[in-house]
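> The sequence shown maps to residues 15 to 555 in this note's numbering. I have a structure I would like to understand better, so I am pasting it below and will then ask my questions one at a time.
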Amino acid sequence: MKTVSVLLAAVALTVVIAPRGNMSSTLTARMATVQDDCTAARSGKPCRHDVLAEAMKTRLPDLRATALARRQAETLSAAWTTRVREAGRDMAGPEARRIRVSQAESLRARIIASQDRREAALRRERELREARAGARLARLISPDAILPHGSLKRDRIEPKPERPLPEVEPHLPAIERIRARFRTLASADRKRPLTVLHIGDSHVASDSFTSGIRDILQARYGDAGRGQMIPPDAFKYAYVDQISQKAAGRWRSKTALKYKHGPFGLSGVNLASSARNARLTMDTKSGDFDWVAVTVATGPDQGRFALTVGDRTEQFSARGEAGSAQTFRMAARGDSATLTVLGGGNVQVLDWASGKEEPGVRYVNFGLIGATAAITKRMDRKLIAENLKAINPDVIVFGYATNDGFDDNFDTGSYLAMVRDLYQRMKAQAPKADWVFLGAADGLRQRGKGSSACGGGWRTPPKLAAHRKAMAQFARDNDAAYWDWAEFMGGACSANRWAKRDLMARDRVHFTRSGYRRSAEAFAEWLSLDTPEQAVVALSQ
């Protein structure tokens, strides 16, 4: 049984590595070698993972020779080699999980179906573009564009300014539209950054999950800067990757988790000071930025502040409409920036930012530890509108999930009404942004009710599955994408297995650094490349 399972695992990995119907003879020969090695497992020898990894590398030169393909090849080579080594090591271990034949067959079928959907979407996109090009050509050579004497009307054939075609076709599924955006970056067709806004709970708040996603996407598609971030000392365990920041002087911090009124924007924090010379400082760890910005609450009694980059300083005033916000931006190249309170009233910092004026990815994360989607009710509509105007997101990731699913009083109807209200408000301010809704990661607890026992006294919260189902349905109803974190982990009770592999913390809710990194790799691949990473991880568990 073990030998058959190993063989089917190799077959499933083959589908991941090589496109169906285009496998080279070299790869086929390598796979035959893998099968022979796996057969030797009957005599106690483990399957040679290095052979499969080498076989995969022989397939990479067959990929289309573009800059994107080369980057994909390098990324896939490293990731796949690591996964296969883990798979080989685990299969040889005495306590390793046995991969059943039915699971491997199901996995192969899902991968093939995913590839078929992708090919169909790309084909529709290409056909639509060709049809549009043909229609423009037909207009140029139409009979009414020709004079009776046979000469062409110059005013008809001279090129006229046209509205630019959208970067992505609206008829495509949401995830394909998102991947099309990343392809424009890779092909150098896009001249501005691609910005992702990720909002959510503790997985997002301390940049634990999102930092890995940011690293992968920026390494592959270019670094357009850090983008918007929470100010320093906003709350306990707050952390911002790629930036070192600190506060000096008297500052008062409020979060939407503890206070009903802030005012609060999408960051959910409000850091305020009226003390002259109180300072906030940011130092970048990823190269110089081209601009800095700060979003502050406005009002008739708000004060003044200055932004300093190098030897350049600009002063600003937060006085304005009550209950609103404004983003002040300063173009200046450097690796350090300082905000200084000048007096005249309170200065309430909601978030600040740095960025680069070049194509690439910006991945903005806003979250609070322990937050549920209900926390968005405390965020002011005008402040959210100002945030979205400043961030200008191409993709919005809705990551409120775990804490909502752990709530035994979770009610699908009232929850979806709340999510729908936030979605419609944000959609009105950022109509071109595509959305992704996350299904909660698998999580367990030892106290309270549980729908199923997972061993060691750990149980699955009874409403966790209902929350995932609600989010999946909401995504389908609103032409959005959906990613099931728990399915990637391996389904029900997988948190126990991840904890045993030191991928999840003892609380079976949060992840270790390795666990967050593995999840980030899977999400980044799914979001931009349509690579079934979860298949490889499933085989290595």
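The C-beta atom is built at its ideal place from N, Cα and C for all residues, glycine as well.
To the nearest angstrom, how far is it from the Cα of A79 to the Cα of L478?
For A79, the predicted model reports a pLDDT of 38, less than 50, meaning its position is unreliable and no value from the coordinates is stated.
> Return the bridge partner residues of Q259 from the DSSP annotation.
Paired residue(s): M296.
> Check each candidate in R234, F537 and H275 and name the one with the smallest Cα separation from M393.
Comparing Cα positions, the closest option is H275.
> Under the three-state reduction of DSSP, which class applies to G348: helix, strand or coil?
In this structure, G348 counts as strand in the three-state DSSP scheme.
> Pop quiz: N379 and V523 are said to be a contact at Cβ under 8 Å. What is the actual Cβ separation, rounded to whole angstroms?
Going by Cβ atoms, the distance from N379 to V523 rounds to 18 Å, so no, they are not a contact pair.
> For M518, collect the residues of the same chain with a Cβ closer than 8 Å to its Cβ; drop the 5 residues on either side in sequence, then sort them by chain order.
Result list for M518: A509, W512, H524, F525, T526 and G529, in chain order.
> So, is G301 buried or exposed, given that buried needs 16 or more other C-beta atoms within 10 angstroms?
Per the 10 Å Cβ criterion, exposed.
> Counting only runs that start and end within the stretch 219-287, where is the beta strand (DSSP E) found for 3 or more residues in a row?
Fully enclosed beta strand (DSSP E) runs of 3 or longer: 241-243, 257-262, 266-269 and 283-287.
> Counting Cβ pairs, one atom from each stretch, are 3 or more of them under 8 Å apart for the stretch 344-364 and the stretch 300-316?
The stretch 344-364 is in contact with the stretch 300-316.
> Consider the Cβ of H524: report whether some Cβ of chain C lies at a distance smaller than 8 Å.
Among the chains of the structure shown, chain C does not appear; only one protein chain is present.
> Tell me which same chain residues have a C-beta within less than 6 Å of the C-beta of G381, skipping the five on either side of it?
Contacts found: G214, D215, V218 and A219.
> Just list the beta strand (DSSP E) runs in the stretch 453-493, keeping only unbroken ones of 3 residues or longer that don't cross its boundaries, in chain order.
Qualifying beta strand (DSSP E) stretches, in chain order: 466-469 and 472-474.
> On the DSSP bridge list, what partners appear for T341?
BP columns for T341 point to T309.
> Hey, out of A506, K260, A484 and L321, whose CA is closest to A415's CA?
Nearest option by C-alpha distance: A484.
> Decide if T474 is buried, meaning its Cβ has at least 16 other Cβ atoms within 10 Å, or exposed.
It is buried - the Cβ of T474 has at least 16 other Cβ atoms within 10 Å.
> So is N284 buried or exposed if we call it buried at 16+ other beta carbons inside 10 Å?
The residue in question, N284, is buried, as its Cβ has 16 or more Cβ neighbours within 10 Å.
> Is the CB-CB distance between I192 and A534 below 8 Å?
No, these two residues do not count as a Cβ contact at 8 Å.
> So, is P314 buried or exposed, given that buried needs 16 or more other C-beta atoms within 10 angstroms?
So P314 counts as exposed.
> Going straight from the alpha carbon of D491 to that of D421, what length do you get?
Roughly 24 Å separates the two Cα atoms.
> In chain order, what residues of the same chain have a beta carbon less than 7 Å from the beta carbon of N406, not counting five sequence neighbours either side?
Hits under 7 Å: T209.
> Return the Cβ separation of V355 and F412 in integer angstroms, given the expectation that the two are a contact with Cβ distance under 8 Å.
The pair is not a contact, with the Cβ atoms about 34 Å apart (cut-off 8 Å).
> Quick one: using the 10 Å Cβ neighbour count with 16 as the cut-off for buried, is S542 buried or exposed?
S542 is buried by the Cβ-count criterion.
> Just grab the DSSP bridge partners of F412 for me.
Answer by DSSP bridge pairing, in chain order: I213 and F451.
> Compare the Cα-Cα distances from A506 to each of E371, G457 and N360 and report the closest residue.
Answer by Cα proximity: G457.
> Tell me which residues share the same chain as L436 and place their Cβ nearer than 6 Å to its Cβ, disregarding the 5 neighbours each side in the sequence.
The residues are T390.
> State yes or no: is the C-beta of A454 within less than 8 Å of the C-beta of W499?
Cβ distance < 8 Å, so A454 and W499 count as in contact.
> Along the chain, where does the alpha helix (DSSP H) that runs through L397 open and close?
R395 to I405 is the span of the alpha helix (DSSP H), which, as asked, contains L397.
> If you draw a straight line from the C-alpha of V433 to the C-alpha of T341, how long is it?
So the alpha carbons of these two residues sit roughly 26 Å apart.
> What is the residue span of the beta strand (DSSP E) that N423 lies within?
Premise fails: N423 is in no beta strand (DSSP E) and is neither H nor E.
> Nearest-angstrom Cα distance between A262 and F278?
The alpha-carbon atoms of A262 and F278 are separated by roughly 22 Å.
> In the structure shown, what three-state DSSP assignment does L356 receive?
Strand.
> Give me the DSSP bridge partner(s) of A367.
In DSSP, A367 forms a bridge with Q242 and A307.
> First and last residue of the alpha helix (DSSP H) that includes T198?
T198 -> alpha helix (DSSP H) spans A188 to A200.
> Relative to the C-alpha of R197, which residue among D255, F223, Y235 and A486 is closest?
It is Y235 whose Cα lies nearest to the Cα of R197.
> Taking the DSSP output, what are the residues bridged to S331?
Answer by DSSP bridge pairing, in chain order: R318.
> By DSSP, does L208 sit in helix, in strand, or in coil?
Note: L208 maps to strand in three-state DSSP.
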